[in-house]
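S.K.: Quick one: structure below, then a few questions.
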């Protein structure tokens with residue numbers, strides 16, 4: 001057999017090998033108790049990551065993240081891959097994070113996280129502890145919210161309104177026709193929506209999404225907002241329609257990524 005099953009205990013997720021590869025008893029019991037198991041899959045000639053994920057009933061993202069791979073990365077015969085018995089990913093708890101917040105961010109049950117990781121007290125989670133989150137982690141941190149021509153890049157640019165001097169552009173402008181669907185660049189919680197007709201600091205109609213790593217993405221100058229504040233959205237979900245509201249010289253989407261309170265160049269984070 002090319003699969004061996006192992007249990008992932010709570011603390012450091014140490015993987016204990018189970019040599020009884022011919023029996024599914026331990027796996028079935030783990031599934032009944034909603035416990036995490038991991039097994040080793042040995043790659044066969046001609047196999048692909050997509051095929052292996054499908055063979056085990058998993059999302060490609062689960063296999064990719066479990067093995068620190070990229071979706072397009074080639075695999076070779078004899079290579080050993082970690083395979084979980086459920087979709088999800090390992091998350092290292094940072095300072096200031098709580099289980100409740102993790103559950104809300106990834107739209108999963110707090111009870112389920114506690115059960116899978118055998119956690120009795122959700123308030124006693126040390127910084128750095130690794131837990132398994134039963135959710136689909138995006139293959140890319142950010143995807144394009146809409147495809148179109150980059151009409152204005154990130155950084156210093158001539159002032160497009162006064163035509164005098166320069167201003168710092170904290171995102172990118174993607175030129176698209178009014179009414180074009182805009183999609184969430186990453187999964188997360190909607191923390192800001194603006195549907196009014198006012199200037200709104202130049203943003204016009206706006207959606208802001210906070211991701212699991214506390215990063216934020218901005219979608220401005222919309223013609224319509226299709227989500228509500230507090231709503232959890234998944235990567236690729238339609239959140240609005242492009243427009244020409246706020247401080248704008250024509251139909252386009254202003255898209256920005258903010259990490260650790262600092263605006264970043266979106267082109268360095270978007271999937272190609």
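Numbering (the UniProt record's numbering), first residue to last: 1 to 272. No residue lacks a Cβ here, since even glycine has one placed at the ideal position from N, Cα and C. Note that this is a predicted model, so its numbers are computed, not measured.
#1: Alpha carbon to alpha carbon, how far is residue 143 from residue 270? Give it in angstroms, no decimals.
#2: What is the residue span of the alpha helix (DSSP H) that residue 237 lies within?
#3: Mind pulling the alpha helix (DSSP H) runs of 4 or more residues that sit fully within the stretch 142-175?
#4: List the endpoints of the continuous beta strand (DSSP E) containing residue 188.
#5: Along the chain, where does the beta strand (DSSP E) containing residue 216 start, and where does it finish?
#6: Look at the Cβ atom of residue 113, then the Cβ atom of residue 125, and state whether they are nearer than 8 Å.
#7: Here's a check: name, in chain order, each residue in its chain whose Cβ is nearer than 8 Å to the Cβ of residue 178, leaving out the five neighbours to either side.
#8: Could you tell me if residue 235 is buried or exposed, where buried requires 16 or more neighbouring beta carbons within 10 angstroms of its beta carbon?
#9: Please state whether the Cβ-Cβ distance between residue 84 and residue 38 is less than 8 Å.
#10: For residue 49, which residues from the same chain have a beta carbon less than 8 Å from its beta carbon, with the 5 sequence-adjacent residues on both sides left out?
#11: Can you look up residue 252 in the DSSP assignment and give me helix, strand or coil?
#12: Does the beta-carbon of residue 268 have 16 or more other beta-carbons within 10 angstroms, so that it is buried, or is it exposed?
#13: Rounded to whole angstroms, what's the CA-CA distance from residue 219 to residue 95? Just pull it up for me.
#14: Starting from residue 52, follow the beta strand (DSSP E) in both directions and report where the run begins and ends.
#15: Taking the beta strand (DSSP E) that residue 210 belongs to, which residues open and close that run?
#16: Taking C-alpha atoms, which residue in 254, 106, 261, 210 lies nearest to residue 204?
#17: Looking at the strands, I want to know which residues DSSP matches up with residue 82.
#18: Tell me whether residue 161 is buried or exposed, calling it buried when 16 or more other Cβ atoms sit within 10 Å of its Cβ.
#19: What do you get for residue 213, buried or exposed, if any count of 16 or more other CB atoms within 10 angstroms of its CB means buried?
#20: Assuming residue 81 and residue 52 make a contact with CB atoms under 8 Å, what is their CB distance in whole Å?
#21: Taking the alpha-carbon of residue 229 as reference, which of 248, 188, 246, 264 has the nearest alpha-carbon?
#22: Could you check where the alpha helix (DSSP H) with residue 113 kicks off and where it finishes?
#23: DSSP state of residue 103, grouped into three classes?
#24: What span of residues does the alpha helix (DSSP H) with residue 64 cover, start to end?
#25: Would residue 148 and residue 169 be called neighbours here (beta carbons separated by less than 8 Å)?
#26: What does DSSP give as the partner residue(s) for residue 133 in the beta ladder?
#27: Using DSSP with H/G/I as helix, E/B as strand and the rest coil, what is residue 77?
#28: Write down the C-beta distance between residue 232 and residue 87 rounded to the nearest angstrom, noting that I regard them as a contact closer than 8 Å.
M.R.: Inspection of the coordinates gives the following:
#1: Here the question's residue 270 lines up with position 270 in the chain shown. Here the question's residue 143 lines up with position 143 in the chain shown. Whole-angstrom Cα-Cα distance: 5 Å.
#2: Numbered from 1 along the chain shown, position 237 holds the residue referred to as residue 237. Careful: residue 237 lies outside any alpha helix (DSSP H) and carries neither H nor E.
#3: Contiguous alpha helix (DSSP H) elements confined to the stretch 142-175 do not occur, taking only those with 4 or more residues.
#4: Residue mapping note: residue 188 aligns to position 188 of the chain shown, counting from 1. Residue 188: member of the beta strand (DSSP E) spanning 188-194, first to last residue.
#5: Position 216 of the chain shown, counted from the first residue, corresponds to residue 216. Here the beta strand (DSSP E) through residue 216 covers 216-222.
#6: Reading the chain shown from its first residue, position 113 is the one you call residue 113. Reading the chain shown from its first residue, position 125 is the one you call residue 125. No, the pair does not count as a contact, with Cβ atoms beyond the cut-off.
#7: Position 178 of the chain shown, counted from the start, is the residue given in the question as residue 178. Cβ neighbours of residue 178 beyond the five flanking positions: 223, 241, 242, 243, 244, 251.
#8: Taking the first residue of the chain shown as position 1, residue 235 is located at position 235. Classification for residue 235: buried.
#9: By one-based count along the chain shown, residue 84 stands at place 84. By one-based count along the chain shown, residue 38 stands at place 38. Cβ atoms of residue 84 and residue 38: closer than 8 Å.
#10: Looking up residue 49 in the chain shown gives position 49. If we look at residue 49 and ignore the five residues flanking it on each side, its Cβ neighbours are 60, 63, 64, 69, 71, 73, 75.
#11: By one-based count along the chain shown, residue 252 stands at place 252. Three-state DSSP puts residue 252 in a strand.
#12: Indexing the chain shown from 1 puts residue 268 at position 268. Looking at its Cβ environment, which holds fewer than 16 other Cβ atoms inside 10 Å, residue 268 is exposed.
#13: As a working mapping, residue 219 is identified with position 219 in the chain shown. As a working mapping, residue 95 is identified with position 95 in the chain shown. About 28 Å.
#14: Taking the first residue of the chain shown as position 1, residue 52 is located at position 52. Per DSSP, residue 52 belongs to no beta strand (DSSP E); it is in the alpha helix (DSSP H), 49-55.
#15: What you label residue 210 is simply residue 210 of the chain shown in a count that begins at 1. Counting along the chain, the beta strand (DSSP E) containing residue 210 begins and ends at 205-210.
#16: Taking the chain shown and counting its residues from 1, the one referred to as residue 204 is at position 204. Its Cα nearest to that of residue 204, the residue 254 stands out among 254, 106, 261, 210.
#17: On the chain shown, position 82 is the one that residue 82 refers to. Looking at the DSSP assignment, residue 82 forms a beta bridge with 40.
#18: Mapped onto the chain shown, residue 161 falls at position 161. Residue 161 should be labelled exposed.
#19: Translated into the one-based positions of the chain shown, residue 213 becomes position 213. Under this definition residue 213 is an exposed residue.
#20: As a first step, residue 81 must be located in the chain shown, where it is residue number 81. As a first step, residue 52 must be located in the chain shown, where it is residue number 52. Going by Cβ atoms, the distance from residue 81 to residue 52 rounds to 7 Å, so yes, they are a contact pair.
#21: Translated into the one-based positions of the chain shown, residue 229 becomes position 229. Among 248, 188, 246, 264, the Cα nearest to that of residue 229 belongs to 188.
#22: Counted from its first residue, the chain shown places residue 113 at position 113. Per DSSP, the unbroken alpha helix (DSSP H) holding residue 113 starts and ends at 110-116.
#23: As a working note, residue 103 is residue 103 in the chain shown. In the three-state reduction of the DSSP assignment, residue 103 falls in the helix class, which pools H, G and I.
#24: Sequence index remark: in the chain shown, residue 64 carries index 64 (1-based). Under the DSSP assignment, residue 64 falls in the alpha helix (DSSP H) whose first and last residues are 60-66.
#25: Position 148 of the chain shown holds residue 148. Position 169 of the chain shown holds residue 169. Not a contact, by the Cβ cut-off of 8 Å.
#26: Along the chain shown, one-based indexing puts residue 133 at 133. DSSP, once it has assigned bridges, lists 89 as partnering residue 133.
#27: Here residue 77 refers to the residue found at position 77 when the chain shown is read from its first residue. Reduced to three states, the DSSP call for residue 77 is coil.
#28: Numbered from its first residue, the chain shown carries residue 232 at position 232. Numbered from its first residue, the chain shown carries residue 87 at position 87. Their Cβ separation, rounded to whole angstroms, is 17 Å, which puts residue 232 and residue 87 out of contact at 8 Å.
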